[in-house]
Amino acid sequence: METGKETPSDEAPADGHAYPAHWEADVVLRDGGTARVRPITPADAERLTSFYEQVSDESKYYRFFAPYPRLSAKDVHRFTHHDYVDRVGLAVTVGGEFIATVRYDRIDATGRPASAPADEAEVAFLVQDAHQGRGVASALLEHIAAVARERGIRRFAAEVLPANTKMIKVFRDAGYVQKRSFEDGVVRLEFGLEPTEASLAVQRAREQRAEARSVQRLLAPGSVAVIGVGRAPGGVGRGVLDNLRDAGYTGRLYAVNKAFPEDLTEIDGVPAHRRVRDIDPGERVDLAVVAVPAPHVPEVVAECGERGVQGLVVVSAGYAESGAEGRERQRELVRQARSYGMRLIGPNAFGVVNTSPEVRLNASLAPEMPRPGRIGLFAQSGAIGIALLARLHRRGGGVTGATGISTFVSAGNRADVSGNDVLQYWYDDPDTDVALMYLESIGNPRKFTRLARRTAEAKPLVVVQGARHSGIAPTGHAVRATRLPYATVSALLRQAGVIRVDTITELVDTGLLLARQPLPAGPRVAILGNSESLGLLTYDVCLSEGLRPKPPRDLTTAATPADFRAALDEALADDKTDAVVVTAMPAVGEDPAGDAELAAALSAAAAAAPAKPVLVVHVELGGLAEALSAAASTGPNAPDTPATRASAPAPAAGGAPEDAPRLIPAYPAAERAVRALAEVVKYAQWRRDAAEPGKVPEYDDIDEAGAAALIDELLTKEDDPRGLDLTTEQARELLAHYGIATRRTLPAPDATAAADAARTLGYPVALKTTAPHLRHRADLGGVRLDLADETDLRRAYEELTERLGSPAELRPVVQSMAPRGVDTVVRAVIDQAAGAVLSFGLAGAPSELLGDTVHRLVPVTDRDAQSMVRSIKTAPILFGWRGAAPVDTPALEELLQRVSRLVHDHPEVVGVTLEPVVVAQEGLTVLGATVRLAPPPARGDLGPRTLPVAY
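Be aware that the sequence shown starts at 145, since it is given in this note's numbering, and climbs by one per residue.
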């Protein structure tokens, strides 16, 4: 795959710029393998020559438009010497060797070599034939385009032979706005490099396919080598091998240990080898499970890479979790694995599981293969992974009617493969309907929320985050820190459709409800059962969780299975019911046959109304819970019972196959059942809202260009990489470009100046301090309101300075009074990890103390703004609480959207605080505003696809 019409014998000018190390990146290719992109240097002469010799004559012809069998010394010099500004070359490497190159040369309007301010460049690619079709050129185009934008180049031009259809397709499919012409037998393509919605959509679709494929190679390998298998039973390596064999793994297995005697040929029927390279060259090794001491891992990784192994699961410990030396060992492990094109799970991982009958992979430390099912499970902690697997596998003693899992990944230190990668895989995995994740850190919150939103639109995603109050990532997790508090991160996840729970018990409870019950159409809940007390308790919990329960229906302790069936039929047939909770108290001496009969009755009724979820609360989780599980079990050897035969197909919440058995989950406590239902109700509402996500509004009075010019002027004048805080007047001017008017404020360094300011503004006025320790602290006496004349003003000024300090300390200002209303606060901040976040709440200490603030990722839509105003606990104050007049919430929503537009349009605006914003019955008034500018932080989500840096 080649482009260009470059004369390879042209001499390149001398180098003049430092090596741009930040252009180096690891990428995932279309087939799931990895490669490294980096700038070409003079030291690459031999690599370039070797690479070119392996390219076919046809590819060389497409590159140079003429037969060009070899590169001359001048060619090699030109293609390896760059100034990294006007002439740039990038290479893609695997195992240290080139597999593709790309180059651009800046040109002027006549097509001759040029320097800045010329903003066009010719681009040319060459991809080794053996690696064509892997998406190499597409990835290279993304990276060379990002480099060009950084160097002030706005357009690329490429000349391609008409027969070179592969390269034409790369350009055509990239999503950039293009112009195409045909002259002298050559196709000339020109396109701008600014990311567009189309180019970003293409890039993210390619990212999803590549990362999903890379995880699929780890979860469905055709062969597995376990390295570090002991000859005697026991030990980690031997345990993993036994688990693989006992699970009935369908592929080929190999046991590897360099300490094996040379005459040892097998371990328990599994072929044994001293080294990976000793395995028959005709047999491919797809996955290696590494269970050797950390100091020996590099040797093993090198052997696997040279053998062509596609992926690694490293269960070995002794890495970043053990300190600075281990952290460096972990960085080197990731670099080494990626250099050979391998993805890596771990180190310090518990392993991976795939219950698909075509695979049956248990490459983990779990001694028992989990039951097959429709739940995908990801855990960063091995201990939590064990607990989750046990809870999902257990049939009795907890929530029952349990489905099993489709796949399980325990990422350990998640040095390479992370939750983001697994989300990419689950997104279109037909075997996974519900995704459960235990996370201890989120390395790329911006990307995670993007992927979570897309996943949640297709299937439920339930997340519990550990270590959330410690403020630091767990040992072994090297991730970018976020300054956002946990509550903010949690709110952003909910905005993305994530079902956020606090414990692994809630994670399992919610996941099991989602796995086999449909999504409810609303919050209306019917409660029926044979215990009045249990019904009332369930009713109270429903109210506490924001549901709308109907009065419980007491069937009395004499209720028979037929009575339960009739009552459940009636409840499910009611158009005013969205879900049903059945409470069942066992009768004294009740036998298993009675439990099975009741389970069959409930299952039959539920099957007749497949659009509404049914849950059971059963105090004694004995026979009934087990019978409900057996009534529609997905586990092996499900008993042939009346309940089993009575079960009928039902649609699942996350899109389970229509013929999947419908399970009724039973919970040991009303609180657990109702909390799970409440989370599912909120998720169902989010799904309905996501179908109509709202719009980011356009306002005719926004002057985006004027704001950009002002920001550029202020940053240029300051010339401080740390940024600057705008003065009151500068902030007022910038906000005005976005239609945000702030109340004029005049300084009052003495009483006479205060009186002059009041005459300018007009009475009545407010006198307030702006010292940092007193700002917005009316409770400390730093604000005096409704000063009707000069006498009141001078008296207030004297009292203020006598009580709180000198004018120089207090920095008093005068401001005209605003109409009475509700004081609110609007903030926007740019977090280096999560991106731009907009926050809203009422002003004052109570709201701050209670954390009553709502957060949304920017840009917010009109529906987001409406939701923000209504989501705080104190929202009733805005809508006429206790007979007060409601305030102008539409004006407030418009203000939120204007602030959102400002920070979204101008990433240099890294902080905005409007406080207080007084919302009256008609209109609102912004009384205080602070704005901070800084050079824009890097937007990784707009750049080329890359794997995270190996920290």
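Every residue, glycine too, gets a C-beta built ideally from N, C-alpha and C.
Since the model is a prediction, treat every value here as computed from it, not as a measurement.
message: Across the segment 868-877 and the segment 1025-1043, are there enough close Cβ pairs to call them in contact, namely three or more that are closer than 8 Å?
response: no
- prompt: By Cβ distance, which residues of its chain are closer than 6 Å to Thr721, with the 5 residues on each side in sequence left out?
  reply: Arg668, Ala670 and Ala715
query: Is Ala510 closer than 8 Å to Pro491 when the C-beta atoms are compared?
result: no
- prompt: Is Ala787 helix, strand or coil by DSSP?
  reply: Caution applies to Ala787, whose pLDDT of 32 falls short of 50 and renders its modelled position unreliable; the value that the coordinates give is listed next. Ala787: helix per DSSP, three-state reduction.
- prompt: Using the rule of at least 16 other Cβ atoms within 10 Å of the residue's Cβ for burial, across every protein chain shown, is Pro664 buried or exposed?
  reply: buried
Backbone secondary structure at Thr1133 - three-state DSSP: The structure shown has nothing for residue 1133, since the chain only spans 145 to 1095.
message: If you reduce the DSSP assignment to three classes, tell me which class Phe208 lands in.
response: helix
- prompt: Among residues of its own chain, excluding the 5 on either side of Ala755, which ones have a beta-carbon nearer than 6 Å to its beta-carbon?
  reply: Pro662
task: Check each candidate in Leu595, Ser677 and Tyr683 and name the one with the smallest Cα separation from Ala640.
output: Leu595
field: Selected residue, minimal CA-CA separation from Leu911, among Pro956, Gly610 and Leu284
entry: Pro956
task: Report buried or exposed for Pro589, applying the criterion of at least 16 other Cβ atoms within 10 angstroms of its Cβ.
output: buried
query: For the beta strand (DSSP E) that contains Thr968, what are its first and last residues?
result: Val966 to Asp975
field: 8 Å contact criterion, which Ala432 and Ile489 should meet: CB distance rounded
entry: That belief does not hold up - the Cβ atoms of Ala432 and Ile489 are roughly 11 Å apart, past 8 Å.
field: DSSP state of Ser585 mapped onto helix, strand, coil
entry: coil
query: Expressed to the nearest angstrom, what Euclidean distance is found between the alpha-carbon atoms of Ile530 and Val1075?
result: 48 Å
- request: Might you give, ordered along the chain, the residues of its own chain that have their beta carbon closer than 6 Å to the beta carbon of Glu168, omitting 5 neighbours on each side?
  value: Arg182
task: Pick helix, strand or coil for Glu406, following the three-state DSSP scheme.
output: coil
- prompt: Taking one C-beta from the segment 185-200 and one from the segment 218-225 each time, how about it: are there three or more such pairs within less than 8 Å?
  reply: yes
message: Just to confirm before moving on: does the CB-CB distance between Leu284 and Val236 stay below 8 Å?
response: yes
query: Exposed or buried, Tyr196, counting other C-beta atoms within 10 Å across all chains shown (16 or more means buried)?
result: buried
task: Between the Cα of Gly452 and those of Ser466, Arg487, Val441 and Arg473, spot the shortest distance and give me the residue it belongs to.
output: Arg487
Leu868 - partner residues in DSSP beta bridges: Leu1077
query: Distance, Cα to Cα, Pro951 vs Ala940?
result: 13 Å
- prompt: So who's on the other strand from Pro183, going by DSSP bridges?
  reply: Leu234
Among Ala210, Val199, Tyr228 and Pro213, nearest to Thr185 - alpha-carbon criterion: Tyr228
query: Which word fits Pro730, buried or exposed, when buried means at least 16 other C-beta atoms lie within 10 angstroms of its C-beta?
result: buried
- prompt: Which ranges would you report for the beta strand (DSSP E) in the segment 374-404 if only whole runs of at least 3 residues count?
  reply: 396-400
message: On the CB-based measure, 16 or more other CB atoms within 10 Å of its CB, does Ala711 come out buried or exposed?
response: buried
message: I need the boundaries of the alpha helix (DSSP H) containing Gly470, first residue and last residue.
response: Ala468 to Ser483
task: Report yes if the C-beta distance between Ile243 and Ala179 is below 8 Å; otherwise report no.
output: yes
- prompt: Quick one: what does DSSP say Gly838 is sitting in, helix, strand or coil?
  reply: coil
- request: Taking 8 Å as the cut-off, decide whether the C-beta atoms of Gln609 and Leu567 are in contact.
  value: no
task: Helix, strand or coil for Thr1090, going by three-state DSSP, please let me know.
output: coil
query: Leu931: buried (16+ other C-beta within 10 angstroms of its C-beta) or exposed?
result: buried
message: Mapping the DSSP letters down to three states, classify Phe315 as helix, strand or coil.
response: helix
field: Pairwise C-alpha distance: Asp386 and Tyr163
entry: 50 Å
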